[in-house]
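Numbered per the numbering used here, the sequence shown finishes at 626, counting up by one with no gaps.
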Amino acid sequence: MSFPEEARRTETDVLIIGGGVAGMMAAVGCRRSGVAPVLMTKASFPSGSSSMARGGYSAAMGHSNPADKPEFLFEDSVQASYDLCNRRLMRLMSHEAVERTHELDAWGLGLVRLESGLYHQKPSASHRYDRLLHCGKLMGKPLMQSLHKKMKAWEIASAAHVMFVDLMKEGDRVVGAWGFAYRDGAPVVVHARSTIIATGGAPQLHEVNDSPPYISGDGYAIALRAGADLIDMEFIDYQLMVAAPERIRGYPPHSSGFINAGAYLYNRDKERFLWRYDPERGERSTRAIVNRAVGTEIYEGRGTENHGVYLDTCHVFDVVNYGATADIVRVLKNCGVDLSKEPFEVASGPHTYLGGIRIDEWGRTTVEGLYSGGEASGGVHGANRTGGAALADSYVFGLRSGMGAACEAKGRERPDPEGGGWREGLERLEERVNRAGGRDVDEVRKEVQRVGAVSIGQIRDGERLERALGELDDLQRENGEVAAQGDTVRKKWDSMRKILETDNLIEVARMLAAAALERKESRGGHFRFDYPDLDSENWTCNIVLRAENGRIVPRQEAVPGEEAANPPSGVLETVAMPED
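Here you go:
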């Protein structure tokens, strides 16, 4: 099978890869800086993990308590990060989330307000004050709708269902990306003065996850191959997800909403086990400790037959049957679980990747011409994050990456339209899609997920991590022999998309294993059974990864302070948005 047409070629100042909140906020940043970007996404537009957002996000508005202020949120966040967050990035996020809140709500987000006109704010993990802003029920849909409405009003150019295979480079500079439209097989080549990766995390590495099926770590993998540094990849923010009934296994039940309402967690022996892990707070402990405790109970054989634990809300049913958790109550009842009478089973799964592509405060990576924002980027949160921080991250650094990319694009030369190695890449892709034989792509994907769960999941040890690296090498070879299947053009290229996604997931799994092997302690979203204690004397540092001679090489680096990076030429003095 050959390509059905010549390459669809585009030239632009800024290419944004990703159609979620971070990608759309990057488009806002470009527009504020006088540049019209092109936004392309692998799924429909808009799309992304943000569409699954449940409870809301946190900002120090001071509406729940006038004593609150952004500096207190910064202090809480540094503490929650186990002292590993980039202080400069965290301070900016803590302060600028307030501005982003007012602007997003003015665009139709619909945050709940009190009769006084102040925002209603709820409690959330690791916050000294109530800071969670919400839309009454679930957050994802109104958030995506309000931002998409702005994209349409501003006529932001976009394309959906594009799988980018790799970035293009001229010398040491990224000059765009190439790939294919997997619904019709057409090659896609985009040359850009600046490129922003806003592709989210890699939840599909894990069988139980709460994200859409197309979020597969593509951004991490293509950035690593382009020479970018990644940071804190050993840290994952786990959340409790449905373990049973089977038909909704992996469904995100907004567990923090249940726990904040007073729910209990029991193991199979009906013990409220959290009090063994945190004698002062029990279930109200940090997200990292709650999920580590759940993972340990299951790992040590005190889980249910469905490899979960029980979450019981019978005693607070009137509370959870209202607001954002009410929809979850209804979903579970439709599946045969009545939360007024019985608990349901949960297990830990990845909710947010805390590490990612290393950035400064303008979204600049360690490779010229390449930027990142949102979950695809790393360094903001350190080893753990406060509740509601993921969306705030996407708001603030999505916008900033757009501003940085747009301003610096103005001073760059136009890329050579024949440069970047895209023709050679397309030749390799055409050969790959015509390869015959091998295993089924879904079988290999399940094997990769098995390794992700058993060897590099929430409970880790050195022996399993070393074994995982060998298994991943074998799976890489097997995936390289998988044939793209399908009796139509669309089915064939969609199969090719899955094969390349699995390649990227294997690369991400290697990153996790390399970083986890390097960090010989337990901290935040990283737990090693063979090094179960926090070792701040030796490990209050970041693990940075880079590809060298075909290998992922980890190194330890000091946690950054608050020194500001040089701002891009022509950047606005403030990131506050003028009236539209």
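For each residue, glycine too, the CB sits at the ideal point set by N, CA and C.
S48 to R55 span [Cα, whole Å]: One-based indexing of the sequence shown puts residue 48 at position 2. One-based indexing of the sequence shown puts residue 55 at position 9. Cα to Cα, the separation comes out at about 18 angstroms.
Option in R133, S93, M86, M70 with minimal Cα separation from V3: For residue 3 there is no data in the structure shown, the boundaries of the chain being 47 and 626.
Of the residues K187, G402, R376, the one placed nearest R100, counting alpha carbons only: Position 54 of the sequence shown, counting from 1, holds the residue named residue 100. Here the closest residue by C-alpha is K187.
Segment contact flag, the region 163-178 with the region 463-474, C-beta cutoff 8 angstroms, min 3 pairs: no
Bridge partners - H572, DSSP secondary structure assignment: Stepping through the sequence shown from its first residue, residue 572 is reached at position 526. H572 pairs with R569.
C-alpha gap between N612 and G415, whole angstroms: Taking the sequence shown and counting its residues from 1, the one referred to as residue 612 is at position 566. Taking the sequence shown and counting its residues from 1, the one referred to as residue 415 is at position 369. Between the alpha carbons of N612 and G415 lies a gap of roughly 15 angstroms.
Residue range of the alpha helix (DSSP H) that includes T548: Position 502 of the sequence shown holds residue 548. Residues 535-564.
Among M139, A451, L150, L618, nearest to L189 - alpha-carbon criterion: The residue labelled residue 189 in the question sits at position 143 within the sequence shown. Out of M139, A451, L150, L618, L150 has the C-alpha closest to the C-alpha of L189.
Separation of A339 from S204, as counted between CA atoms: Taking the sequence shown and counting its residues from 1, one reaches residue 204 at position 158. Taking the sequence shown and counting its residues from 1, one reaches residue 339 at position 293. Approximately 43 angstroms, taken between the alpha carbons.
For T56, the residue or residues it bridges with in DSSP: Looking up residue 56 in the sequence shown gives position 10. DSSP, once it has assigned bridges, lists V236 as partnering T56.
Pairwise C-alpha distance: A451 and A622: Locating residue 622 in the sequence shown gives position 576, counting from the first residue. Locating residue 451 in the sequence shown gives position 405, counting from the first residue. Confidence in A622 is poor, its pLDDT being 49 and thus under 50, which makes the residue's placement unreliable; the coordinate value appears in the next sentence. Between A622 and A451, the C-alpha separation is close to 17 angstroms.
Rounded straight-line distance, which links the Cα of E527 to that of A72: Numbered from 1 along the sequence shown, position 26 holds the residue referred to as residue 72. Numbered from 1 along the sequence shown, position 481 holds the residue referred to as residue 527. Taking the straight line from one Cα to the other gives about 37 angstroms.
Pairwise C-alpha distance: G382 and Y297: Translated into positions along the sequence shown, residue 297 becomes position 251. Translated into positions along the sequence shown, residue 382 becomes position 336. Roughly 15 angstroms between the two C-alpha positions.
Residue ranges of each alpha helix (DSSP H) within the region 422-464, 4 or longer: 435-455
Alpha-carbon to alpha-carbon, Y577 and R314: On the sequence shown, position 268 is the one that residue 314 refers to. On the sequence shown, position 531 is the one that residue 577 refers to. Cα-Cα distance, rounded: 26 angstroms.
Residues near V67 by beta carbon distance below 6 angstroms, same chain, minus five either side: Counting from 1 along the sequence shown, the entry for residue 67 is found at position 21. These residues qualify, in order along the chain: S96, S440.
Terminal residues of the alpha helix (DSSP H) in which K215 lies: The sequence position of residue 215 within the sequence shown is 169, counting from 1. Per DSSP, K215 belongs to no alpha helix (DSSP H); it is in the beta strand (DSSP E), 208-216.
Simplified DSSP assignment, three categories, for D581: Locating residue 581 in the sequence shown gives position 535, counting from the first residue. DSSP places D581 in coil when its eight states are reduced to three.
Helix, strand or coil at L416 according to DSSP, with G and I counted as helix: Within the sequence shown, numbered from 1, the residue matching residue 416 stands at position 370. Strand at L416.
Residues near A529 by beta carbon distance below 7 angstroms, same chain, minus five either side: Here residue 529 corresponds to residue number 483 of the sequence shown, with the count starting at 1. Result list for A529: R481, A482, G483, G484, in chain order.
Assigned exposure category for L178 - 16 Cβ within 10 Å defines buried: If you number the sequence shown from 1, residue 178 lands on position 132. Buried, since its Cβ has 16 or more Cβ neighbours within 10 Å.
Whether A593 touches L270 by CB criterion (8 angstroms): If you number the sequence shown from 1, residue 593 lands on position 547. If you number the sequence shown from 1, residue 270 lands on position 224. Yes, they are a contact pair.
Reduced DSSP secondary structure (H/G/I, E/B, other) of E391: In the sequence shown, residue 391 corresponds to position 345, counting from 1. Looking at E391 - three-state DSSP - the assignment turns out to be strand.
Close-in-space but distant-in-sequence residues of the same chain around R601 (CB under 7 angstroms, 5 per side omitted): As a first step, residue 601 must be located in the sequence shown, where it is residue number 555. So the list reads V590, once near-sequence residues are dropped.
Alpha carbon of I633 to alpha carbon of T534, nearest angstrom: Nothing in the structure corresponds to residue 633, since the chain is present only between 47 and 626.
For Y356 and G341, the rounded distance between their alpha carbons: Against the sequence shown, residue 341 aligns to sequence position 295. Against the sequence shown, residue 356 aligns to sequence position 310. Their backbone Cα atoms lie some 13 angstroms apart in a straight line.
Cα-Cα separation between F281 and E346, rounded to whole angstroms: Against the sequence shown, residue 281 aligns to sequence position 235. Against the sequence shown, residue 346 aligns to sequence position 300. Approximately 22 angstroms, taken between the alpha carbons.
Start-to-end residues for the beta strand (DSSP E) that takes in F226: In the sequence shown, the residue the question calls residue 226 occupies position 180. Unbroken beta strand (DSSP E) run through F226: 219-227.
Proximity to F390 [Cα-Cα], best of G349, H397, L378, V81: Within the sequence shown, numbered from 1, the residue matching residue 390 stands at position 344. Closest by alpha carbon: L378.
Through-space distance from L160 to T412, alpha-carbon basis: Taking the first residue of the sequence shown as 1, we reach residue 412 at position 366. Taking the first residue of the sequence shown as 1, we reach residue 160 at position 114. In a straight line, the C-alpha of T412 is about 45 angstroms away from that of L160.
Three or more C-beta pairs below 8 angstroms linking the region 140-155 and the region 115-128: yes
Classification of A455 by the beta-carbon crowding that lies within 10 angstroms, buried from 16 upward: Here residue 455 refers to the residue found at position 409 when the sequence shown is read from its first residue. With 16 or more other Cβ atoms within 10 Å, it is buried.
Under 8 angstroms between C-beta atoms of T432 and V494: Walking along the sequence shown from the start, residue 432 turns up at place 386. Walking along the sequence shown from the start, residue 494 turns up at place 448. Contact flag unset, no.
Three-state class that DSSP yields for I589 in the structure shown: If you number the sequence shown from 1, residue 589 lands on position 543. It is a strand residue.
CA-to-CA distance, R478 to H397, given in whole angstroms: Numbered from 1 along the sequence shown, position 351 holds the residue referred to as residue 397. Numbered from 1 along the sequence shown, position 432 holds the residue referred to as residue 478. Cα to Cα, H397 sits roughly 33 angstroms from R478.
D176, DSSP secondary structure in three states: As a first step, residue 176 must be located in the sequence shown, where it is residue number 130. Coil, per DSSP.
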